[in-house]
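The structure appears right after this line, and notes come after that.
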Amino acid sequence: MRIQITEVLDPQAKVVTFDSPAGSAWGCWHSSMEPEAGAYDVELEVPDVVTSWALTTGPDLIAGEYSRREVTLRGSVQSVGDDAVVALRIHRDIVLVEVAADTTEASIGDSVEFTTSNVLLYPYTI
């Protein structure tokens, strides 16, 4: 996913705010290099197990404010694995999320939305 870091909120914890094609949010930078404002390609990870989501409509979304300590994601289900891992398409990117067994069932093509307490950003070079 291509993001633009707009601000480093906490240099020690490496908390940043960023813009993406699907919206603006915050996340924790995971790299040996220090986060700085600028454009990066990152893998976005949801570290928490998703325990609930809503079937919804609307455009893909990544949104959240650090002051609330949550990030909302909305995307379309691309695949559902036997291991409780769901691949979501958010804009042009795939984000893998682990879902709890009792989470509302979603089918391929469904749009789902959920909120998590954190996202992790792993930069890489192409």
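The numbers in the sequence shown follow the numbering used here, run straight up by one, and end at 175.
Here a beta-carbon is modelled for each residue, glycine too, at the ideal position from N, C-alpha and C.
Can you give the Cα-Cα distance for residue i and residue j, rounded to whole angstroms?
{"i": "Asp-59", "j": "Gly-124", "result": "28 Å"}
{"i": "Asp-97", "j": "Glu-147", "result": "8 Å"}
{"i": "Leu-122", "j": "Thr-174", "result": "24 Å"}
{"i": "Phe-163", "j": "Asp-90", "result": "23 Å"}
{"i": "Arg-118", "j": "Ala-62", "result": "14 Å"}
{"i": "Ala-136", "j": "Leu-145", "result": "5 Å"}
{"i": "Ile-139", "j": "Asp-159", "result": "12 Å"}
{"i": "Ile-157", "j": "Ser-128", "result": "6 Å"}
{"i": "Val-64", "j": "Val-134", "result": "26 Å"}
{"i": "Ala-86", "j": "Gly-113", "result": "18 Å"}
{"i": "Asp-151", "j": "Gly-130", "result": "15 Å"}
{"i": "Thr-100", "j": "Glu-83", "result": "32 Å"}
Helix or strand or just coil, what does DSSP make of residue i?
{"i": "Arg-117", "result": "helix"}
{"i": "Gln-61", "result": "coil"}
{"i": "Glu-85", "result": "coil"}
Pop quiz: residue i and residue j are said to be a contact at Cβ under 8 Å. What is the actual Cβ separation, rounded to whole angstroms?
{"i": "Ala-71", "j": "Leu-104", "result": "No, Ala-71 and Leu-104 are not in contact; Cβ-Cβ is about 18 Å, not under 8 Å."}
{"i": "Ile-111", "j": "Ser-69", "result": "5 Å"}
{"i": "Arg-141", "j": "Ala-88", "result": "That pair is no contact at about 15 Å."}
Who does residue i pair with in a DSSP beta bridge?
{"i": "Gln-53", "result": "Asp-68, Ala-88"}
{"i": "Ala-149", "result": "In DSSP, Ala-149 forms no bridge with anything."}
{"i": "Asp-142", "result": "Ile-139"}
{"i": "Gly-76", "result": "Val-65"}
Inter-stretch contact at 8 Å, needing at least 3 Cβ pairs: the stretch 166-174 / the stretch 69-79: yes
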